[in-house]
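One structure is given below, encoded as structure tokens.
Protein chains: 2
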Amino acid sequence: MAANRPFLSGIPELLVLRLLQDQEMYGYEIVAGIAAATGQAVSPKEGVIYPLLHSLEKDGLLRAQPRQAEGRTRIYYTLTSRGVRRLFELTDHWTRLHGAVSRVLRDGA
Amino acid sequence: MAANRPFLSGIPELLVLRLLQDQEMYGYEIVAGIAAATGQAVSPKEGVIYPLLHSLEKDGLLRAQPRQAEGRTRIYYTLTSRGVRRLFELTDHWTRLHGAVSRVLRDGA
DNA sequence: ATTTGATACCTAGGAATGATAGGTATATAG
DNA sequence: CTATATACCTATCATTCCTAGGTATCAAAT
Numbered sequence: 631m632a633a634n635r636p637f638l639s640g641i642p643e644l645l646v647l648r649l650l651q652d653q654e655m656y657g658y659e660i661v662a663g664i665a666a667a668t669g670q671a672v673s674p675k676e677g678v679i680y681p682l683l684h685s686l687e688k689d690g691l692l693r694a695q696p697r698q699a700e701g702r703t704r705i706y707y708t709l710t711s712r713g714v715r716r717l718f719e720l721t722d723h724w725t726r727l728h729g730a731v732s733r734v735l736r737d738g739a
Numbered sequence: 631m632a633a634n635r636p637f638l639s640g641i642p643e644l645l646v647l648r649l650l651q652d653q654e655m656y657g658y659e660i661v662a663g664i665a666a667a668t669g670q671a672v673s674p675k676e677g678v679i680y681p682l683l684h685s686l687e688k689d690g691l692l693r694a695q696p697r698q699a700e701g702r703t704r705i706y707y708t709l710t711s712r713g714v715r716r717l718f719e720l721t722d723h724w725t726r727l728h729g730a731v732s733r734v735l736r737d738g739a
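If you read the sequences in order, they're chains A and B.
What the first sequence shows, in our numbering, is residues 631 to 739, in sequence order.
What the second sequence shows, in our numbering, is residues 631 to 739, in sequence order.
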């Protein structure tokens with residue numbers, strides 16, 4: 631159903647969308663970008679990111695543009711408007727989730 | 631391996647351990663307790679919690695004590711010392727994860 | 001020249017987690 | 001006496017991610 635995202639595992643998805651909000655990026659760059667941006671706290675490898683990019687593109691959240699750059703064939707991704715909307719939803723979900731969990735950790739039940 | 635907990639899906643596990651830090655509880659109570667404590671933001675059902683309790687007990691993180699109370703047969707769970715240690719580890723992991731993700735969401739890469 | 005390492009893409013297979021959807025039994029309330 | 005709440009349980013499935021590869025090109029080092 632893909633509509634159920636009850637506990638937000640989907641941190642790789644969220645971070646991919648967030649990185650692409652600021653600038654177009656290609657897969658290999660995203661892999662390194664997430665690790666760098668999170669100080670290695672989150673570091674999904676290519677085996678996670680590439681399939682994720684494909685599925686996000688299939689769902690119409692990303693647009694893929696193969697291009698030559700620096701003698702390399704790269705596939706640049708950008709957010710579609712649906713991708714932006716999804717980013718907002720996931721960010722919201724993350725905020726509420728993090729608030730609830732952190733409060734329980736601090737104060738108990 | 632059970633040692634890999636890269637993105638912390640395991641929020642139900644974390645919350646179960648945290649609730650049991652304050653007081654012994656039984657399964658049915660934990661199900662309701664998590665939903666209440668998180669204001670329904672996280673609400674894993676019995677199909678999640680019971681198998682989780684069994685596996686945590688098997689791993690020596692919880693101790694189970696069947697007992698009669700109010701004309702009911704209940705299985706009360708308490709944290710073992712290993713359970714306490716695990717709670718600290720997961721809490722720490724959660725803190726670092728949440729910090730990294732929130733910062734990226736706010737500031738970008 | 002050729003081997004190595006970095007870049008850049010990819011997939012297959014499996015483990016772990018949780019969601020769905022049941023089932024059993026007893027006590028209490030209507 | 002029947003329905004609801006309590007209290008336990010499991011099987012099956014989908015999703016997500018990890019591991020562990022594989023291919024090809026380019027630059028740098030031997």
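Where a beta carbon is used, it is the ideal one built from N, C-alpha and C, also for glycine.
Please classify residue i: does DSSP put it in a helix, a strand, or coil?
i	result
Gln670 of chain A	coil
Is it right to say residue i is buried, meaning 16 or more other beta carbons lie within 10 angstroms of its own, or is it exposed?
i	result
Arg648 of chain A	buried
Thr668 of chain A	buried
Arg702 of chain A	exposed
Arg697 of chain B	exposed
Arg716 of chain B	buried
Pro681 of chain A	exposed
Gly657 of chain B	buried
Gly663 of chain A	buried
Ala730 of chain A	buried
Ala739 of chain B	buried
Ala666 of chain A	exposed
Ala671 of chain B	buried
Met631 of chain B	Low local confidence applies: a pLDDT of 38 at Met631 of chain B is under 50, so the model's placement there is unreliable, with the coordinate-based value given in what follows. So Met631 of chain B counts as exposed.
Glu719 of chain A	exposed
Would you mind giving the Cβ-Cβ distance between residue i and residue j, rounded to the nearest angstrom? I have them listed as a contact below 8 Å.
i	j	result
Tyr706 of chain B	Glu654 of chain B	5 Å
Thr708 of chain B	Leu650 of chain B	6 Å
Arg746 of chain B	Leu683 of chain B	Lying before the first or after the last residue shown, residue 746 of chain B is absent from chain B, which here runs from 631 to 739.
Thr721 of chain A	Leu735 of chain B	6 Å
Phe639 of chain A	Ser639 of chain B	The displayed chain sequence assigns Ser, not Phe, to residue 639 of chain A. About 4 Å separates the two Cβ atoms, so the contact holds.
Once you ignore the five residues that flank residue i on each side, which residues in its own chain have a CB closer than 7 Å to its CB?
i	result
Val678 of chain A	Pro642
Given residue i, which residues of its chain have a CB within under 8 Å of its CB, disregarding the five upstream and five downstream residues?
i	result
Lys675 of chain B	Val661
Thr710 of chain B	Gly690, Leu691, Leu692, Arg693
Ser673 of chain A	Ile664, Ala665
Glu687 of chain B	Arg693, Ala694, Tyr707
Asp737 of chain A	none
Quick one: what's got a C-beta closer than 6 Å to residue i's C-beta in the same chain, skipping five residues either side?
i	result
Leu645 of chain A	Ile664
Return the chain-ordered ranges of every beta strand (DSSP E) run that is complete within the segment 663-738 of chain B and spans a minimum of 3 residues. 692-699, 702-709
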